[in-house]
Structures are given as structure tokens and as C-alpha cells.
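Protein chains in written order, with this note's numbering: chain Y, 2 to 169; chain H, 780 to 1160; chain R, 9 to 181; chain C, 48 to 448.
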Amino acid sequence: MDSTGIHAALRGHFDTAVGELAPGPFEASIEVDASAIEAVCTFLRDEKGLEFDNLSNLSGADYPELERIQAVYSLFSYKQRHSITLRVNADRTAPVIPTVEAVWPAANWLEREIFDLLGVEFSGHCDLRRILLPEDWVGYPLRKDYEEQPDYHGISTVRENLLTMKRD
Amino acid sequence: MSVELEIHDSQGLPTEEMTLNMGPQHPSTHGVLRFIVKADGEVMRRAIPDIGYLHRSIEKIAEKVGWHGFMPYTDRVDYVAAMACNQGWAMAAEQLAGIEVPRRGEYCRVIAAELSRICSHLLGVGAMGMDMGAITPFTHALRERDMIMDLLEELCGARLTFNYMRIGGVAWDLPHDFVEKVSHYLDHLEPVIEEFNQLLGYNRIYVKRFADVATVDADMAIAWGLVGPNLRGSGVDFDVRRDLPYSVYEDFDFDVPLGSGEMGSIGDCWDRYIVRMREMVESIRILRQALAGIPEGPVIAKVARNFKPPVGDVHVKIEAPRGEQSWYVSSDGSEYPHRVHIRTGSFTAMGIIDRLSRGLMIADLVAVIASMDIVAPEVDR
Amino acid sequence: MSLINSAPEMVLTSTVDQVLNWTRKSSLWYMLFGLACCAIEMMHTGGPRADLDRFGMVPRATPRVSDLMIIAGTLTLKMALRTKVLYEQMPDPKYVVSMGSCSNCGGLFQYAYSVCDGVDKVIPVDVYVPGCPPRPEALTEGLIMLQKKIMQEKWITRSSDTPRLGGPIGERT
Amino acid sequence: MQAFLDTLLGDAVGLERQLGYLAGMVVFGAVVVFGFVLPFAGIVTWAERRIWARIQSRVGPNRVGPFGFLQWLADGVKNILKEDIIPTVADRPLFRFAPYVVMVGFIAAFVCIPFSGDLIIADLNIGILYVTAVTSVVVVGILMAGWSSNNRWSLLGGIRAATQIISYEIPASLAIFPAVLLSGTLSMQGIIGEQGAAPWQWHMFHSPFTLLGFGLFFTAALAEGNRTPFDLPEAESELVAGFATEYSGMRSTLFFMAEWGNLYVIGALVTTLYLGGWQVPQFTYNPVLMNLAQMGVFLGKSLACVFFMIWLRATLPRVRVDQLMALCWKYMVPLAMLSVFGTATLMVALPNGSHTLRMATFAVVVGVVIRFAFKVRFHLKRSRALDYSSLSTGASQGLSS
């Protein structure tokens, strides 16, 4: 099924929770309300003819000027061989998106990664801990306004400019 | 995350759960992975992966170094098969900007990527043998890899981190005699793969260790997002090169090997092993066709030095040796990417290990990690 | 151990020193400490073509029996603390070779937020091998340099340098 | 040994004679331990590294001494002089004591291991029983090491070793029986004395049952010596270094030595029981020459076994712990029973043995070996046909030569 068909099916079922279809260079994307994402995903997975059985990518991007963090769900169906991209916007100050872990178990780690690096809280996630960075890390590095801590457990993260450093 | 402390064996006697810390520096964790193993004697109750010991913030660096400048970093995303990552990044940037790569350039890419794939699979299966205690296959794999590295070195001057591809094509044309050398090497490699199967793959002990261990059925593999050889080992007939063709893979005739449960059940560790072995054979086929059919012409399209793709984002999927790599690249129209996210095969494969490990023996955990062919930087990036 | 660096320098004591150095140099067991890209080149150095076994260097899984730690690859902050523990677990005399730009100075990743730029911030280093990643030949040369360094050490005879066990060799000039 | 000492002692009697025996045995024992056992354990590590390297298409140690022969010396001296770390959480007395227990178990076996017709420290009349008994002491040491290290990997390694060695004692002991039955004695020299110099006179080829017994004994001995494919206690890729994980310096060297020295014990036992021991045709009546020839033959056969074990280690993967147990209890113990009862029945049916049966068994084994050799030769030829260095003719030619 092509993206317009998928969009029509979603519109028919969810009405205004699903935004307009935005054409993209590779695949079309649909904006979805944060509150509806789990229902939309369940629908996309279970509905006959759609059958998105695979969450192939879950990315997030920080847009400080728009005051939002966007999660991008890239879905793929091995049965139907079609794909669609969903976008969910969250408020930048306290980003919360419901988890889709129950829909695709693969989302477990992908959501943890977004939480770790961008600080999006996935409500309902069973094990929302930092995954890549240590537990005691401060800040969310992939946010545009992230500032590095001067040291980590006594190891300085400040680096001298090696070119101007004098030999002693 | 709560695991009960006291457990009871079949006679109802209380036994104590043992927590083992495997890694981050453990001989079989392929780099720096860590598992917290909750074991009851030799039987694992869980193996909880702890990753991030090689998190090098590649995705953040992309936002600082610009479109062209990020290419060397993609080598380090998966250093065992750097060409595939090169290609993923180049394709993402090209699709954002709508650049058409010259056909010779695409052929060069395919040749480089397939050589890299053989290289990567060799290390993968060699490491599978080593983790099972057979060291000889590993050194033999290194011997073969050295020869491929010689070839790739002639192509781009580096043994491991190639930085060969550019946005719009490849950096250099094939060197003198390269086609002959590669075909000579492929002649040499084909019987070696057969020998590998005899030495390792069909070795009775090896089969016993790998067959029927950590079986992943097709539905589970798809739902957990397994990709590439791991997915095909579970019998799902999907290969990005064939089903969502990119580059010039449409020109080539090749099969997609699938796990068939030859030694046990579909989707066990042995299937994941044999899929890799057969993929090498298919790569040889692709290489032969590519070497025979390489057209003349330029290898790189004209791309501005000050490359600024229009605003937008793309998802690009390529078939890397460790499975489909999904690149999410977002551009805000400046000379720096706004966001790069790489969903790699090892990352999802790592995610499923917690689930698979329940009830296996500690020795099997090693087999599972090896058969998934997990490479640490791809997990952590 | 009062024997260390206490005897006067004569033919006998220097010969003993020479013999001890020779045994150490000829049997440098390195710990499998592959961190990143360089780990692959380290394996290749131990593999058929470069073959570190020629020099009596064999990989060891546990720090307790290894003499040499080849830091092969990027050291992240998360790993840096572990590295220190592993280094402390090695028995003396121990040596460290920093392999590749990342562990020398952070290399390609010095501006990353999660990378410890330079392993010498955490543990002392004897030999730095440049390259990204260094070729097996480069690593072999680095190890031969380490062997030369070991041959200059003094164990029994009095030495004007700081005693070997008093401070890590990397801090000597 | 006693006969040899008799010639030396001449006409001394009573206490003097006994003291003479004692002195002779102690001296010979010391010569064996310090002049043969300990260096041998080291030299085997060198040999193993060279052989492995060849199998893995590498070179192996070649920088210290001719062909790197002094490698073992460098390793040994270096290890002995290394810092000896005892973890603070370890059980100190046990931790210190464990390596010595392992060493005792391994060295004590040499009391009964013959070198030639006369050279044996003490030809006990319960020889083979004594060897099986003292080699089991190793388990205690390993378990002590695993427990006292206070490291979970060590503990797992120790427990694996204990289960494995104790379980495999049973098929190993059962597989000794056929040879003992045929010889009618437990004495090592007695067992060898019952065999002949020609291969078909060995116990191994007495009947298909003893052939089976030979195979079982060899396999079980591999498992008892923690060798691949049964090297689970120190499985590097699983348990880091198993029971020896926390040991450093000299103590770890003792473990290494016991392990590699055990190779020779296994080889010597196999040679004694099934491969005809030191038997050579009587070519001279000079006792020195004769003894030297016997020693050469015995060492040759034992070292062939050692080589075979090294070869196996370089080739095979290792089994899993449950498969190991299943192999022992489900297959090897019943087969060992079959071997014992088969041999016994045969001895009753044919008290003098059957020459035809011997020759038939011998022919079968020779046939298998020849077939295998052809297969290996085929692979060797094919691997040589593809020239490694001619492949990359370009920039990297200097490398591949």
C-alpha cells in the first residue's frame, strides 16, 4: 500500500490525532499526536493490509528554535513490503511520549537510547535507564544546548589545544 | 528489573542466585560489551547487556564536522566493515541533495562494499570458532582478511578505516590491475570457504554447540528488529540489496541464503553461522559480475565543496554485513547536518540477548553473542 | 623488597639485571584489551602475517598473568574507570602500550563528549604508537621499542633514576 | 630399578642395602623431577606454541635461542619473578596452598612412570592404581584454587573441573581394566612386559574391545587433563581463565606446569597400557644400550601422544558442560563396560588370544590411518597449490613474503 492509502486508513480511524501527509524525498511522513502514538502504532501493526510488523528505526531530533523535540518512527512491513514514517512532537522542556514497547519489543532499546541522548521520557516504559552513557552522567548530549561537564570522576574532559602546548 | 534473590530447584531446596559480571573486558565479548549474568550454577536466568563502553558520540560529532567531514567517522561506526557505513552516509547525503552518482562510481562502491562484507563475515565466523575454543579457524580467517585488506589498501590506502567513498561517488578509481587481482583472490577464496565449512561448520562438536541454541523464530526476529544475516537465519526472506535495491544491485543476479534448520531448528545459532558462510559465496558472485560489467566513465559526480543540502530528512537503508543499517539524516540547510542517527544491526541484536539468554547455559551466551556477530562500536556508536 | 636497586653496579649484578631484562623482554604476555578499531589491527598483529608470537608475546585473558596492556582503541569515560582497575590488577612489572591516536590523545574523537582523550590521563604509558589505526608493522615496531626500553632497566643495581617499583616507567624522563 | 641398583651395590646387605636402595631412588627421583619433569613441562609449552603456530599458518616463537627454544626458560623465569598478588578477599591459606597440591598430584605420578626396562623410580606392584589415585589429588587442588580465589569465574572453573575430572575417572579407570586383565598385573613394568615390540603385539590391537578401551582411555585422559575439546575448566572465552583467574606470578606458573606436564603423564600412561611401552626387539645384550633404546622408544611413543593432543587442541572446538557429562555417563561408561566384559569374555573363550583377531584389528587401524593420511595430504597439496605471496603483486608485496 502506498503512503496515501496508509494515511487515509489512519485518518479514517483516528481523525484529528493524525496530521497531514508530508511528502519526503525518500518516504512520506505523517505527524501523530503524542497521546495517540501507541494506539496508532497498534492499529498500524494489527490492521489487515497495513501490518507494520517492524519498527526499523526510532530517531529523535532536537529543535530548540521550535521549542520541541521530535521523535521519528520509521516503520516497515515485511509482509506488505511498504514503509511509513511517523513524527511525534514533544514539548522541549519536559518531553513525554508514550512508549510503543508493547507494540514492537525492538522499541525497548531504541527508546532508551533516545531517553539517554535526548532526554525524552517514554511513559510506561518498563526499564527506562540510561543505556549508552553511565548512570551518573549529567545532561542529554544530543540536545543542541548541551554543555559538557568539566570532569567525570576526576578525569578531566577539558582538552588543551595540542598545537599551542609547550614542551617542558 | 527485579530478580528474585532466592530461587528453588526442582526439589524445592533454596539455592542462591549468582551474579556474574562478564565484561567489559572479557575475551569473548568482542570489544567492550558487558553482561550482568544472573546464573543458577551453569544455567543463566538472565543476561542483562550493559552497553556504552564504546560510545564515542559519533552522532554528536556529525553535527560539528559537516557533511564531507563526517565521512572518516562513518568508518568507525563499524570498523569491521567500514565501506558499508561509508556508503550509508554517502547515500543519505546524496538523497537529501538529489545527487546522481556516476555508474562507474556505483560499481566501485559495490566492489568495495562486497569485499568489505567478505572481510567482515570472515572475522565473524572466525570469532565464532574462537569463542567455541577452536583458534585455528580464526587465524585462518585473519590470513584471508589480510589479503582482502591488501586489496582494499591498494584501492584507498588504508587497511581498516577506508574513507573511500565521497558524497557523489568514490574518491579514487580502481587502481591498475585491480580487477585481475580481485578475481585472482576470489578464485583463491572459494575453496577456502569450503575448507572453513569442513574445519568448523560441519565439525560435530561445533554443530552440537550451535544447533538448537537460542532459536529465534521469524515473527520474533521481525518484532525484535533483527536484521541482515540474523534475520535471514530465522528464515525471513529479506535482503535490502534485493528487495529495496539501492546503488546498482539491481544489475546483479544473486541469491539470498536463508536459514533452513539444517542441523536443528530454523533460526538457531548454526543457521546464523551458515547464512554468513553462504553470503560470502553470494558476495563472490556479485563481485565477479561487478568486475565483469564495470562501465567506463567518471567515478564521482560534481559536488560543491561547500555542500549544503536542502532542508529535510531521509531514512536510508542499506545492507551492511551486520544487517540493515538505517540512517536517519536530517538537514537544516546549513553546512552541518542537523541530526544523524544510525540504527545498526548489532544494536537490535544486542537488545534481544536478554530475552534469548533465559534458561541457556553460560557457555551458550558466548555462542549467542558470537552467532549474532555483534561488534561493539556498532552497538554504541 | 630491599633488594631492588640496592646492589652496587658490578659485572655480576649488571649481568643479573641483563638476564632478568632478557626474560621480561622475551616473554611479554599481553592482555586482550581491544577497545575499538585498533583491536582488529591488534588481532592481525597476533595473526598469521605479523605474528607477535615470534617475540614470545601471547594474548592472555586475565590481567593477573599479563605483563603488557595494549590499549587498542578509543577509551571512553565509561571505560576509563574500568581500565584503571584492570591496570591495578596486573602484577608488577607491567607495561602499557598506547596503540592508536585515540588512546594517545583522543585522536579523531577528542572533541567527543564521552571520550577520554588520552589514556595517559588514567594510567601511565610506556610507548605510544601513532596511527589510526596503526598498521601491524607499526605496532610491532612499538613493541620492539618497548623491548629496548625494558633492556635498559635496572633491577638490582643502584640506579640514579627513580626506583622501578616506586613509580611508573612512563613518568621517568 | 632394583636390579639396576643391585649391580651397583654389589654385596652390601641388611640396612646398608636398604639405605642404598633409598638413596638410589631419591637421587633418581630428583633427577627425574628436576632434570626431566619441570623442564619438560616448559618445553612442551614451547613445542605447543610452535606446533600451533604451524597449524595456524603462523611462525611461532623464534627469537630466543635456536627456533625460539629458550622461550620456556624466559617465560618461566619471568613468571617466577613477577609480583605475587593475593586478592584481599581471598582465603589466604587455601589460596597459597592450592598450586602446591596440584603440583604434588602431578609430580607424584612420576614415581610409577617407567622410562625404560630398568629406569623407573619405584615399580610398585599396584602401579597403575597408584597413578590414578595420585592424579586425582589434582582435583582437590583445583577446587581449592577455585574456591579460595573468591572470584565467581574461578569458582565456576573449579566446580567444572571437579565434576569433569571425577566423572571421567570412571571411564578412565574402566578403560584401564582391559590392559590389566590381559597382563594380570597392576605393575607398570608388568603391563609393559606382557606386550611385545611389534605393533600387533600391543594391547591396543589385542581385540576390537581393547581398541575400544584404548580410545576411551585416551578420551577420558584428555578430559582429566583438561585438554581441548574438554578444556572447560579454563575455557578462555567463557570463564576468562577458569580456576587460575586470580593467580599471578609463580603460582600461576605452577598451574601451567602441572597442566602441560600432565600431557606427558597422559602420553606415558597410554603408551604403557596400550602402546607397548618401552618394548624394543632384543638387539643387544649391553644393558646400557638396551635401556637407552627402550627410553627412546618410550619417549617417542609418549611424545607422539603429546603431539596428537596438541594437534587436537589446535583443531577442535570445546564441548558444553552438559554435553560433556552426557558423553561421559551416557556413552563412555557403557562402552567402557563393554570393553571390559568383552575383553574378559574373549580371554575366557580364547585363553591364548587369537593371532588372526590381532592382525585384523591392526589392519583396520592401519587402514584408517592411511585413509586419513591421504585426506590430509589432499588438503595439504591443495593449500600449497595456491601461492599466498603471488596474490597481491602490487604495493604490499613486501608484506606477504
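Just so you know, even glycine gets a beta-carbon here, dropped at the ideal spot from N, CA and C.
Roughly how far, in whole angstroms, is the beta-carbon of residue i from the beta-carbon of residue j, given that I think they are within contact range, below 8 Å?
i	j	result
P851(H)	T940(H)	7 Å
R68(R)	Q97(R)	That belief does not hold up - the Cβ atoms of R68(R) and Q97(R) are roughly 12 Å apart, past 8 Å.
L36(R)	D75(R)	5 Å
M823(H)	S1125(H)	Rounded, the Cβ-Cβ distance is 21 Å, inconsistent with contact.
L404(C)	S254(C)	5 Å
L154(R)	D134(R)	6 Å
M1046(H)	T994(H)	Contrary to the premise, residue 1046(H) reads as Gly rather than Met in this sequence. Right, the Cβ-Cβ distance comes to about 5 Å (below 8 Å), so this counts as a contact.
E122(Y)	R130(Y)	Not a contact, Cβ separation roughly 12 Å.
L263(C)	S183(C)	Wrong, their Cβ atoms sit about 18 Å apart, outside the cutoff.
I42(C)	A268(C)	Residue 42(C) is absent from the model: chain C starts at 48 and stops at 448.
G912(H)	P364(C)	5 Å
L133(Y)	G1043(H)	That pair is no contact at about 34 Å.
A226(C)	I238(C)	6 Å
Looking at the C-beta of residue i, does it have a partner C-beta in chain R at a distance below 8 Å?
i	result
Y153(Y)	yes
E130(C)	yes
G323(C)	no
I132(Y)	no
M780(H)	Only weak support is given to the placement of M780(H): the predicted model assigns it a pLDDT of 38, under 50, and the question is left unresolved by the model.
E32(Y)	no
T292(C)	yes
Got a sec, what are the start and stop residues for the beta strand (DSSP E) residue i sits in?
i	result
L76(R)	L76 to A80
H1094(H)	G1091 to A1099
T182(C)	Element bounds for T182(C): not the beta strand (DSSP E) but the alpha helix (DSSP H), G174 to T182.
T817(H)	Here residue 817(H) is Lys; the residue named in the question, Thr, does not match the sequence. From DSSP, the beta strand (DSSP E) with K817(H) extends over R813 to D819.
N800(H)	M797 to M801
M823(H)	V822 to D829
M107(R)	Y103 to M107
Y943(H)	It is not in any beta strand (DSSP E) - Y943(H) carries neither H nor E in the DSSP assignment.
The alpha helix (DSSP H) that contains residue i, what's its start and end?
i	result
S899(H)	R882 to D910
R1057(H)	C1048 to G1072
I206(C)	R199 to S230
L259(C)	P255 to E271
L45(Y)	I38 to D47
L1183(H)	Limits of chain H in this structure are 780 at one end and 1160 at the other, which puts residue 1183(H) out of reach.
A77(C)	G61 to A77
If you measure from the beta carbon of residue i to each beta carbon in chain H, is any gap under 8 Å?
i	result
D278(C)	yes
D369(C)	yes
R431(C)	Bear in mind that the predicted position of R431(C) carries a pLDDT of just 49, short of 50, making it unreliable; the figure below should be weighed with that in mind. With 8 Å as the cut-off, R431(C) does not count as an interface residue toward chain H.
M107(R)	no
S157(Y)	no
R143(C)	no
Taking Cβ positions only, does residue i come closer than 8 Å to chain C?
i	result
R813(H)	no
T31(R)	yes
L28(R)	yes
Indicate whether at least one CB of chain Y lies closer than 8 Å to the CB of residue i.
i	result
G1007(H)	no
D1143(H)	no
F1017(H)	yes
H967(H)	no
A88(R)	yes
Q: Give, in chain order, every residue of the region 73–103 of chain C whose Cβ lies closer than 7 Å to some Cβ of chain R.
A: R96, A100 and Q103
Q: Go through the region 83–166 of chain Y residue by residue and report every complete run of the beta strand (DSSP E) that reaches 3 residues or more, in order.
A: 84–92, 97–99 and 122–124
Q.
By the 9 Å beta-carbon criterion, what residues does the region 826–838 of chain H contribute toward chain R?
A. G831, Y832, L833, H834, R835, S836 and I837
Q | Proximal residues, the region 123–157 of chain R versus chain Y, C-beta separation under 8 Å | A | C124, D125, K129 and V130
Q: Give, in chain order, every unbroken run of the alpha helix (DSSP H) that is at least 4 residues long and sits entirely within the region 359–389 of chain C.
A: 368–373
Q | Contacting positions in the region 57–78 of chain R - beta carbon closer than 7 Å to chain C | A | R57, D59, D61, R62, F63, G64, A69, T70, R72 and V73
Q) What are the residues of the region 844–856 of chain H that lie near chain R, defined by any Cβ-Cβ distance shorter than 9 Å? A) V844, P851, Y852, D854 and R855
Q: Please list the residues of the region 61–82 of chain Y that have a C-beta atom closer than 7 Å to any C-beta atom in chain H, keeping them in chain order.
A: A62, V73, S75, Y79 and R82
Q. Listed in chain order, which residues of the region 342–373 of chain C have Cβ atoms closer than 8 Å to some Cβ of chain H?
A. A361, T362, L363, P364, R365, V366, R367, V368, D369 and Q370
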